[in-house]
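Chains as they are written, first to last, in the numbering used here: chain A, 1152 to 1479; chain B, 10 to 271.
Everything below concerns the one structure shown next.
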Amino acid sequence: MSKDVLVFCEQRDGVLQKVSLELLGEGKKLANTLGQRLIALLLGHEVEALCPSLVSHGADEVILVDDAHLRDYLTEPYAMAMADVLNEGNFEIVLIGATAIGRDLAPRVAARVKTGLTADCTSLEIDPETQDLLMTRPAFGGNILATIICPQHRPQMASIRPGVMLAPEPVADATGTVRRFDVDFSGLKNAVVLLESVKATKKAKDITEAKILVSGGRGTGKEGFATLNRLADLLGGQVSASRASVDAGFADKDRQVGQTGKTVRPQLYMACGISGAIQHLAGMEESELIIAINKNPSAPIFDVADVGIVGDMHKILPKLITKLEQMA
Amino acid sequence: MKIIVCIKQVPNTNEVKLDQQTGTLIREGVPSIINPDDLAGIEAALAIKDSLGAHITVVSMGPPQADIALREALAMGCDAACLITDRAFAGADTWATSSTLAGAAQLLGYDLIITGRQAIDGDTAQVGPQMAEHLGIAHIPYAEDIKADGEKIIVTRQFEDRYQLLQAHYPVLVTALSELNQPRYMSVGGVVDAYDQKEVRLLTYADLETFVPVENIGLKGSPTRVKKSFTKSPKGKGELHQVSEDEAVEIIIQKLKGHLIL
Ligand SMILES: Cc1cc2nc3c(=O)[nH]c(=O)nc-3n(C[C@H](O)[C@H](O)[C@H](O)COP(=O)(O)OP(=O)(O)OC[C@H]3O[C@@H](n4cnc5c(N)ncnc54)[C@H](O)[C@@H]3O)c2cc1C
Ligand SMILES: Cc1cc2nc3c(=O)[nH]c(=O)nc-3n(C[C@H](O)[C@H](O)[C@H](O)COP(=O)(O)OP(=O)(O)OC[C@H]3O[C@@H](n4cnc5c(N)ncnc54)[C@H](O)[C@@H]3O)c2cc1C
Chain A
1152 MSKDVLVFCE
1162 QRDGVLQKVS
1172 LELLGEGKKL
1182 ANTLGQRLIA
1192 LLLGHEVEAL
1202 CPSLVSHGAD
1212 EVILVDDAHL
1222 RDYLTEPYAM
1232 AMADVLNEGN
1242 FEIVLIGATA
1252 IGRDLAPRVA
1262 ARVKTGLTAD
1272 CTSLEIDPET
1282 QDLLMTRPAF
1292 GGNILATIIC
1302 PQHRPQMASI
1312 RPGVMLAPEP
1322 VADATGTVRR
1332 FDVDFSGLKN
1342 AVVLLESVKA
1352 TKKAKDITEA
1362 KILVSGGRGT
1372 GKEGFATLNR
1382 LADLLGGQVS
1392 ASRASVDAGF
1402 ADKDRQVGQT
1412 GKTVRPQLYM
1422 ACGISGAIQH
1432 LAGMEESELI
1442 IAINKNPSAP
1452 IFDVADVGIV
1462 GDMHKILPKL
1472 ITKLEQMA
Chain B
10 MKIIVCIKQV
20 PNTNEVKLDQ
30 QTGTLIREGV
40 PSIINPDDLA
50 GIEAALAIKD
60 SLGAHITVVS
70 MGPPQADIAL
80 REALAMGCDA
90 ACLITDRAFA
100 GADTWATSST
110 LAGAAQLLGY
120 DLIITGRQAI
130 DGDTAQVGPQ
140 MAEHLGIAHI
150 PYAEDIKADG
160 EKIIVTRQFE
170 DRYQLLQAHY
180 PVLVTALSEL
190 NQPRYMSVGG
200 VVDAYDQKEV
210 RLLTYADLET
220 FVPVENIGLK
230 GSPTRVKKSF
240 TKSPKGKGEL
250 HQVSEDEAVE
260 IIIQKLKGHL
270 IL
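Next comes the structure, spelled out in C-alpha cells:
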C-alpha cells in the first residue's frame, strides 16, 4: 500500500501561489526520506495549465480537480473535494500553506477525515525511529516553539507558514503524470454564497501584525520616510517609527514603536536613524532579526542589533533599493 | 435569535517575558485576558442584539478561573454564560476542543455561533472551522465586517490580497477578527449584575454526554500530542560593520537571504 506525501497547491485566479512551490520542495524531501511519492493536489477551474510547473517542481503525480464549483475559493466545495481525495487515497502526510485559504480549509478537512492538524509549522522532520512526522511550530505569540506529533491517525496534516521553506529550482525534463479526479458536487448545500470578490488595494496594516518593519527615527527626516516606504514595499513590510519622528510629524502616531507606542516582534526590524533609547528598545528588542543603520558607532541601538551598520542611511538605503529592484 | 459566542481566557502574551538565564517563559504576574478576537466576537453579538434583539450565551471551556472572563462578558451585556469544566476535557487538542464546544452548542441551541479567528496562546485558528464541521453547519472565517438581519448574515471575509462578501442563512458559524470592531467597556451596572443577578452555568461531561461520545473529548479525543516545547536560544551579541556603502548593501542582502526574507 502506498503512503504518499500530498501537497495542497494553492492557486488564486489561475496563478500558482509561491507557498505551493515551497511545499513541493519540502514535501519532496519528506517523500524521499520515506521512500514514497510526492503528489500535488490542484483544485480550481480551468487550471490545467499549471500542472507542468507542479511536475517540474517535484510532483510525481498531480491530482487535478477541475470544476466550475472551484473557480473562487469557498470553504465548502474545496473541503468536499479535498476530503474526497484524502478518503480515496492513502496518504501518510498532507501539507498545506498557512494562508487565509489553507488555515481555513485544513481544519475543516482534518475534522472531517478525523485526523490531527498542526498549525503554522516552521520546520518538519521525520523521526528516524518511529517514522512519524515531527512538526515544529511557534505558539504563545512566538515566545515558544512546540514540536507536535500525530502518532495514531493518518494522514498527518500540517499547515506551513509561507516563506520558511525553500522553493526548489524547476527541473525541465522532470516526469510526472496528471490524474483528473472527479468530485460529485451534487450534495453541495451552497450554504455560503459569494456575492462579490474585491481585490483590495493594500492598506497599511497594524504594525504589530507586520512580519517586516522598516523603522525610521529623527535621523531619517521627512524625505527619508519616503525612502523607507519604498524599501518596505520591496520587502513586503510596513513602516514604523520612533517617538522623535512621530513628534516631528514624519510618521503617524499609530506607527510608533516603544513603551508609549506598540510592542512589535517582526521577523525583521530594520532601524534606520534611530538612536535606540531604552523606551524604544522596550518595544522592539524581541524582534527576530534586527538590522540597524546609524552614523554614530556608539549608538545604543547597536547593543540589541544582530547586524549593525555604521554609516549614512541616506546613502546606503537608495543603493539597497536599487539592488532589490534589480533582483525583483 | 439565539447567539453563542465562544471565548477563551488567555495569558496576555505581549507581557510574557523570557528568563534570559534559563530560557523559560515567565508566566508569573502575567494577567489573564479575554482573547482579543473573542472580545470582537462579543461586541459583534452585542451589536446584533442592539439592532435586532437577540439572546447571547457566552461559552468557555477551561479551568474554574475562566469564570472571570465569562463575568466580564456578562458585564458587557451578554445574557447567559456557560463554563465547560471537567477533568475529562483536559489535554484536548483543537479536534477535541471543537467537538466539546460543538456538544455544548447542541445542548444550548443556536442560530448564530461566533468564535474568534485565533487564540493568542495556542495560535492555531482551528477551533472555529472544526466546530462548524462537527455541527455539520457552514462557517465563514476571518470576518472584518458583519451585517445581520433576521434570516441571514452578510460577512466581509478577509484574505491577504482581497476580500469576499459572503452571505449565509442561519445556522452558521462566523470567526471574528479583532479588527472587526471596538469592543465596548463593561458598564458599572453591568458589573454589578454580572456578579449579583446573573449566573455562570457549569457544564461537565455528564451534561454533554448525549451529544459527544467520550472518545471525542480530552486527551483520548485528540489526534495530536505536544511532544516537547522549548524556547529559542537567546541571541548573542551582534556584529558591527564599519564598511563602504556598497559593502554595507551586500551585508544586508546576504542577511536577508540567510533569514529567508529574500
Ligand atoms: C516616558 C517616556 C516614554 C517614551 N516612549 C517612547 C516610545 O514609545 N518610543 C520611542 O521611540 N521613544 C520614546 N520615548 C523617547 C525616547 O526617550 C527617545 O527620545 C526617542 O526614542 C528618540 O528617537 P530617535 O531615536 O528617533 O531620535 P534621536 O535619539 O535623536 O536619534 C536619532 C539618531 O539618528 C542618527 N542619525 C542621524 N542622521 C543619520 C543618518 N543620516 N544616517 C544614519 N543615522 C543617522 C543619530 O546618530 C541618532 O542616533 C519616550 C520617552 C519618555 C521619557
Ligand atoms: C504549544 C502548544 C501548541 C499546540 N499546537 C496545536 C496544534 O498544532 N494542533 C492542535 O490541534 N492543537 C494544538 N495545541 C492544543 C490547542 O492549543 C488547544 O486545543 C486549545 O484548546 C485550542 O486551540 P487554540 O488555542 O489554538 O485555539 P484557536 O483555534 O486559535 O481558537 C479560535 C477560537 O476558538 C474559540 N476557542 C478556542 N478554545 C476555546 C475554549 N477553550 N473555550 C471556548 N472557546 C474556545 C475562541 O473563540 C477562539 O478565538 C497546542 C497546544 C500548545 C500548548
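Cβ atoms here follow ideal geometry from the backbone N, Cα and C, with glycine treated the same way.
Every value quoted in this text rests on a predicted model; they were computed, and no experiment measured them.
Could you check which residue in the options has the C-alpha nearest to that of residue i?
i, options, result
"Arg1406(A)", "Thr1414(A), Leu1364(A), Ala1392(A), Gln1307(A)", "Ala1392(A)"
"Arg1222(A)", "Leu1237(A), Met1231(A), His1208(A), Val1198(A)", "Val1198(A)"
"Glu1276(A)", "Gln1307(A), Ser1204(A), Asn1294(A), Gly1370(A)", "Gln1307(A)"
"Val1156(A)", "Val1245(A), Ile1444(A), Ser1449(A)", "Val1245(A)"
"Phe168(B)", "Ile1444(A), Gln1303(A), Arg1254(A), His1208(A)", "Arg1254(A)"
"Ile163(B)", "Arg234(B), Thr184(B), Asp170(B), Ser238(B)", "Thr184(B)"
"Pro40(B)", "Ala56(B), Asp130(B), Asp95(B), Ser108(B)", "Asp130(B)"
"Pro1313(A)", "Cys1301(A), Met1286(A), Cys1272(A), Cys1202(A)", "Cys1272(A)"
"Gly1293(A)", "Asp1463(A), Lys1446(A), Glu1437(A), Leu1201(A)", "Glu1437(A)"
"Glu1212(A)", "Ala1182(A), Ala1219(A), Pro1228(A), Asp1218(A)", "Ala1182(A)"
"Arg171(B)", "Ala152(B), Leu269(B), Gly159(B), Leu182(B)", "Ala152(B)"
"Met1286(A)", "Glu1320(A), Val1322(A), Ile1247(A)", "Ile1247(A)"
"Glu1173(A)", "Glu1320(A), Ile1252(A), Asp1357(A), Ile1299(A)", "Glu1320(A)"
"His1161(A)", "Leu1201(A), Lys1179(A), Arg1381(A)", "It should be noted that the sequence gives Glu, not His, for residue 1161(A). Out of Leu1201(A), Lys1179(A), Arg1381(A), Leu1201(A) has the C-alpha closest to the C-alpha of Glu1161(A)."
"Lys1350(A)", "Ser187(B), Gly198(B), Leu265(B), Thr165(B)", "Thr165(B)"
"Thr1480(A)", "Gln135(B), Ala78(B), Asp95(B), Tyr119(B)", "No answer is possible for residue 1480(A): the residues shown for chain A start at 1152 and end at 1479."
To which residues of the same chain is residue i closer than 8 Å at the C-beta, ignoring the five residues directly before and after it?
i, result
"Ser161(B)", "First, the amino acid is wrong: residue 161(B) is Lys here, not Ser. Around Lys161(B): Gln176, Ala177, His178, Tyr179."
"Ala97(B)", "Thr213, Tyr214, Val223, Ile226, Gly227"
"Gly1387(A)", "Lys1362, Ile1363"
"Leu1225(A)", "Val1343, Leu1345"
"Leu55(B)", "Ile65, Met85, Gly86, Cys87, Arg193"
"Gln1282(A)", "Leu1185"
"Gly62(B)", "Met10"
"Lys1265(A)", "His1304"
Can you name the start and end residues of the beta strand (DSSP E) that residue i belongs to?
i, result
"Lys236(B)", "234-239"
"Cys91(B)", "89-93"
"Ile149(B)", "147-157"
"Leu121(B)", "121-125"
"Ser1310(A)", "1307-1311"
"Glu1227(A)", "Per DSSP, Glu1227(A) belongs to no beta strand (DSSP E); it is in the alpha helix (DSSP H), 1226-1239."
"Met1316(A)", "Counting along the chain, Met1316(A) falls outside any beta strand (DSSP E), and DSSP gives it neither H nor E."
"Phe1376(A)", "First-last for Phe1376(A): 1372-1386, but that is the alpha helix (DSSP H), not the beta strand (DSSP E)."
"Val1198(A)", "Premise fails: Val1198(A) is in no beta strand (DSSP E) and is neither H nor E."
"His4(B)", "Beyond the ends of chain B as shown, which are 10 and 271, falls residue 4(B); an answer cannot be given."
"Gly1412(A)", "Taken as a continuous stretch (DSSP letters only), Gly1412(A) belongs to no beta strand (DSSP E), as it is neither H nor E."
"Glu1161(A)", "Element bounds for Glu1161(A): n/a, residue is neither H nor E."
"His250(B)", "248-250"
"Thr1287(A)", "1284-1290"
"Val1455(A)", "Counting along the chain, Val1455(A) falls outside any beta strand (DSSP E), though it belongs to the alpha helix (DSSP H) covering 1452-1455."
Looking only at its chain, what residues have a beta carbon closer than 7 Å to the beta carbon of residue i, apart from the 5 residues adjacent to it on each side?
i, result
"Ala1290(A)", "Ala1297"
"Gly1412(A)", "Arg1394, Gly1434"
"Arg1263(A)", "Ala1230, Ala1234"
"Ala1491(A)", "The question about residue 1491(A) has no answer here: the residues shown for chain A are numbered 1152 through 1479."
"Asn44(B)", "Ile16, Lys17, Val19, Gly125, Ala128, Ile129"
"Phe220(B)", "Gly112, Gln115, Leu116"
How is the alpha helix (DSSP H) around residue i delimited, first residue to last?
i, result
"His1465(A)", "1464-1478"
"Lys1180(A)", "1169-1185"
"Ser1393(A)", "First-last for Ser1393(A): undefined, no H or E at that position."
"Ala203(B)", "197-205"
"Val258(B)", "254-267"
"His64(B)", "Taken as a continuous stretch (DSSP letters only), His64(B) belongs to no alpha helix (DSSP H), being part of the beta strand (DSSP E) at 64-70."
"Lys228(B)", "Note that residue 228(B) is Leu in the sequence shown here, rather than Lys. No alpha helix (DSSP H) holds Leu228(B); DSSP gives it neither H nor E."
"Val1206(A)", "1202-1207"
"Leu1256(A)", "1253-1264"
"Leu61(B)", "45-61"
"Pro138(B)", "136-144"
Excluding sequence positions up to five away, which residues of its chain have a Cβ less than 6 Å from the Cβ of residue i?
i, result
"Leu83(B)", "Ala90, Ala203, Lys207"
Checklist entry - Are three or more beta carbon pairs between the segment 1225-1244 of chain A and the segment 71-84 of chain B nearer than 8 Å? => result No, because fewer than three Cβ pairs between the segment 1225-1244 of chain A and the segment 71-84 of chain B fall closer than 8 Å, the two stretches do not touch.
Checklist entry - Does the segment 1418-1430 of chain A touch the segment 1353-1372 of chain A, meaning 3 or more C-beta pairs lie closer than 8 Å? => result By the Cβ criterion, the segment 1353-1372 of chain A is in contact with the segment 1418-1430 of chain A, since at least three pairs of Cβ atoms, one from each stretch, lie closer than 8 Å.
Next on the checklist: When you compare the segment 38-56 of chain B with the segment 104-115 of chain B, are there three or more beta-carbon pairs, one atom per stretch, that lie closer than 8 Å?
Outcome noted: In short, these stretches do not touch, since the Cβ pair count stays below three.
Checklist entry - How about the segment 1206-1218 of chain A and the segment 1326-1338 of chain A: do they share at least three Cβ pairs that are nearer than 8 Å? => result Segments in contact, yes.
Item to check | Members of the segment 1256-1270 of chain A that neighbour chain C once the beta carbon cut-off is set at 9 Å | outcome: Looking for chain C here will not work: the only protein chains present are A and B.
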